[in-house]
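**Q** Here it is, the structure in full.
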Amino acid sequence: MMVGQAAGSPWMITVFLAVVFLLGWHLVTLRAAFDGKGLTEEQLQMMEFNGDIVRSPDGTYLWNPEKEKVKGIPGPLAVMEKAREELSDAFVIKGTNDHGIGYLVFYTVSRFGVGFLAASAVAVVFGVFLGLNKVLFKAVNPFIQILKPISPLAWMPLLLYTVKDPKWTAILVVFMAALWPTLATTAFGVNSLRKDYLHVAAILQLSWPKRLFKVILPGAAPTIVNGLRISFGSALVAVVPAEMLLGELGVGYLSWIEWNNLDISGVIFAILVVGCVGVILDSGFNKLAGLVTYQE
Numbered sequence: 026m027m028v029g030q031a032a033g034s035p036w037m038i039t040v041f042l043a044v045v046f047l048l049g050w051h052l053v054t055l056r057a058a059f060d061g062k063g064l065t066e067e068q069l070q071m072m073e074f075n076g077d078i079v080r081s082p083d084g085t086y087l088w089n090p091e092k093e094k095v096k097g098i099p100g101p102l103a104v105m106e107k108a109r110e111e112l113s114d115a116f117v118i119k120g121t122n123d124h125g126i127g128y129l130v131f132y133t134v135s136r137f138g139v140g141f142l143a144a145s146a147v148a149v150v151f152g153v154f155l156g157l158n159k160v161l162f163k164a165v166n167p168f169i170q171i172l173k174p175i176s177p178l179a180w181m182p183l184l185l186y187t188v189k190d191p192k193w194t195a196i197l198v199v200f201m202a203a204l205w206p207t208l209a210t211t212a213f214g215v216n217s218l219r220k221d222y223l224h225v226a227a228i229l230q231l232s233w234p235k236r237l238f239k240v241i242l243p244g245a246a247p248t249i250v251n252g253l254r255i256s257f258g259s260a261l262v263a264v265v266p267a268e269m270l271l272g273e274l275g276v277g278y279l280s281w282i283e284w285n286n287l288d289i290s291g292v293i294f295a296i297l298v299v300g301c302v303g304v305i306l307d308s309g310f311n312k313l314a315g316l317v318t319y320q321e
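In this text, residue positions in the sequence shown follow my numbering: the first is 26, and each later residue adds one.
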């Protein structure tokens, strides 16, 4: 028996799944109200002294909300409250290392943008050069295949030792993450270009700039764009841990600071921010890629 397609709007299904997830998350992390029955006054005072419970103005005891931050996974309400606090001061600078989430996102996107664009430019230029020379492409390809699978974070100690600047080190980590996929796919795409295109360009006596922008790059565009997509994802994954390890202001730095403060709600909020930034950047990139997609 064949299974039919799910009925309904995809957005409705998405919202339904999100509601189910949030409800399940809330129920799993929900903690029963403190019940002091059966405990002596001395035991209650000891628990209050240890910070497990607090006394309310009416004299009853409640679980200490500050202690709850470091016990288990916080629920969605706690994360929403943390998000409200962070977003209310999104563009406030309270100190040298205490910037609002708006500034932190801007710093992360800036590092990502500089590293990705620089890597893309270098990769496309050298990829075209290698792709047009089969002998050189075959000679250099083994080195590309060796360097491509190396984690960009593995380069970080060497880069930090070389440039001695955490800011530029983070950008170079993004650069290394985005370089190899685009370089390899560009070289392969140009190398696999149909020879008829180049023959027609030679017959028409096109200049090299026209040959490059009218024939070579459009013909290899699908492969180049695929490489850029891979590089885009790799660079986005690399920038956050680079900020965490280097201690540079950004979304990764926020996640690490919240962990040091044992504020798990803040850690989850930082994770969600990374996901939202990634979705926005990826959507923008896909729209730009759609504008340059080449079809025969």
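For every residue, glycine included, the Cβ atom is placed at its ideal position computed from N, Cα and C.
In this text the structure is predicted, and so the values were computed from the model without any measurement.
#1: According to DSSP, Asp-123 sits in a beta bridge with which residue or residues?
#2: Can you name the start and end residues of the beta strand (DSSP E) that Val-79 belongs to?
#3: By DSSP's criteria, Tyr-86 is part of a beta bridge. Which residues make up the other side?
#4: Indicate whether Val-276 and Val-298 have their beta-carbon atoms separated by less than 7 Å.
#5: Residues in its own chain within less than 7 Å of Val-104 by CB, not counting five upstream and five downstream?
#6: CB-CB under 7 Å to Trp-205, same chain, minus the five flanking residues each way: which ones, in chain order?
#7: According to the Cβ coordinates, are Val-264 and Phe-137 closer than 7 Å?
#8: Just verifying my parser: in three-state terms, what is the DSSP assignment at Pro-99?
#9: Quick one: grab the DSSP three-state call for Ser-135.
#10: Quick check on DSSP: helix, strand or coil for Asn-216?
#11: Just the C-alpha distance for Phe-46 and Ser-34, rounded to the nearest angstrom, thanks.
#12: Find the nearest neighbour of Glu-283 within the set Asp-123, Tyr-186, Phe-151, judged by alpha-carbon distance.
#13: By how many angstroms is the C-alpha of Trp-50 removed from the C-alpha of Glu-106?
#14: Taking the Cβ atom as the reference point for each residue, do Ala-22 and Ala-260 lie within a distance shorter than 7 Å?
#15: In whole angstroms, give me the CA-to-CA distance for Val-95 and Ile-78.
#16: Buried or exposed for Leu-161, please, with buried defined as at least 16 other CB atoms from any protein chain shown within 10 angstroms of its CB.
#17: Are Phe-200 and Ala-144 close, meaning C-beta to C-beta below 7 Å?
#18: Find the nearest neighbour of Ser-197 within the set Phe-238, Gly-300, Leu-142, Lys-159, judged by alpha-carbon distance.
#19: Would a C-beta distance cut-off of 7 Å place Glu-111 and Ile-98 closer than the cut-off?
#20: Would you kindly work out how many angstroms separate the C-alpha atoms of Phe-213 and Val-304, rounded to a whole number?
**A** Result, derived from the coordinates:
#1: Position 98 of the sequence shown, counted from the start, is the residue given in the question as residue 123. In the DSSP output, where bridge partners are listed per residue, Asp-123 has Gly-120.
#2: Residue numbering aside, residue 79 sits at position 54 when the sequence shown is read from its first letter. Looking at the DSSP string, the run of the beta strand (DSSP E) that includes Val-79 is 78-80.
#3: Your numbering for residue 86 matches position 61 in the sequence shown. Tyr-86 is bridged to Arg-80.
#4: In the sequence shown, the residue the question calls residue 276 occupies position 251. In the sequence shown, the residue the question calls residue 298 occupies position 273. In this structure, Val-298 lies closer than 7 Å to Val-276 by Cβ.
#5: Start at 1 with the first residue of the sequence shown, and residue 104 comes out as number 79. Same-chain partners within the cutoff: Ser-290, Ile-293, Phe-294.
#6: Taking the first residue of the sequence shown as position 1, residue 205 is located at position 180. So the qualifying residues of the chain are Ile-169, Leu-172, Lys-173.
#7: On the sequence shown, residue 264 is found 239 positions in, with the first residue counted as 1. On the sequence shown, residue 137 is found 112 positions in, with the first residue counted as 1. In this structure, Phe-137 lies closer than 7 Å to Val-264 by Cβ.
#8: Counting from 1 along the sequence shown, the entry for residue 99 is found at position 74. It is coil, neither helix nor strand.
#9: Residue numbering aside, residue 135 sits at position 110 when the sequence shown is read from its first letter. Helix at Ser-135.
#10: Translated into positions along the sequence shown, residue 216 becomes position 191. If DSSP states are grouped into helix, strand and coil, Asn-216 belongs with the helices.
#11: Numbered from its first residue, the sequence shown carries residue 46 at position 21. Numbered from its first residue, the sequence shown carries residue 34 at position 9. For Phe-46 and Ser-34, the distance between alpha carbons rounds to 19 Å.
#12: For the purposes of this step, residue 283 is identified with residue 258 of the sequence shown, where counting begins at 1. Ranking the options by Cα distance to Glu-283, first place goes to Asp-123.
#13: Counted from its first residue, the sequence shown places residue 106 at position 81. Counted from its first residue, the sequence shown places residue 50 at position 25. Near 15 Å, if we compare the C-alpha coordinates of Trp-50 and Glu-106.
#14: Absent from the structure is residue 22, since the part of the chain shown begins at 26 and ends at 321.
#15: Looking up residue 95 in the sequence shown gives position 70. Looking up residue 78 in the sequence shown gives position 53. Caution applies to Val-95, whose pLDDT of 49 falls short of 50 and renders its modelled position unreliable; the value that the coordinates give is listed next. If you take the alpha carbons of Val-95 and Ile-78, they lie about 14 Å apart.
#16: Here residue 161 refers to the residue found at position 136 when the sequence shown is read from its first residue. Looking at its Cβ environment, which holds fewer than 16 other Cβ atoms inside 10 Å, Leu-161 is exposed.
#17: For the purposes of this step, residue 200 is taken as the residue at position 175 of the sequence shown. For the purposes of this step, residue 144 is taken as the residue at position 119 of the sequence shown. In contact: Phe-200 and Ala-144 (Cβ atoms closer than 7 Å).
#18: Taking the first residue of the sequence shown as position 1, residue 197 is located at position 172. Here residue 197 is Leu; the residue named in the question, Ser, does not match the sequence. Checking every option, the nearest Cα to that of Leu-197 belongs to Leu-142.
#19: For the purposes of this step, residue 111 is taken as the residue at position 86 of the sequence shown. For the purposes of this step, residue 98 is taken as the residue at position 73 of the sequence shown. No, they are not a contact pair.
#20: The count along the sequence shown starts at 1 and reaches residue 213 at position 188. The count along the sequence shown starts at 1 and reaches residue 304 at position 279. Cα to Cα, Phe-213 sits roughly 29 Å from Val-304.
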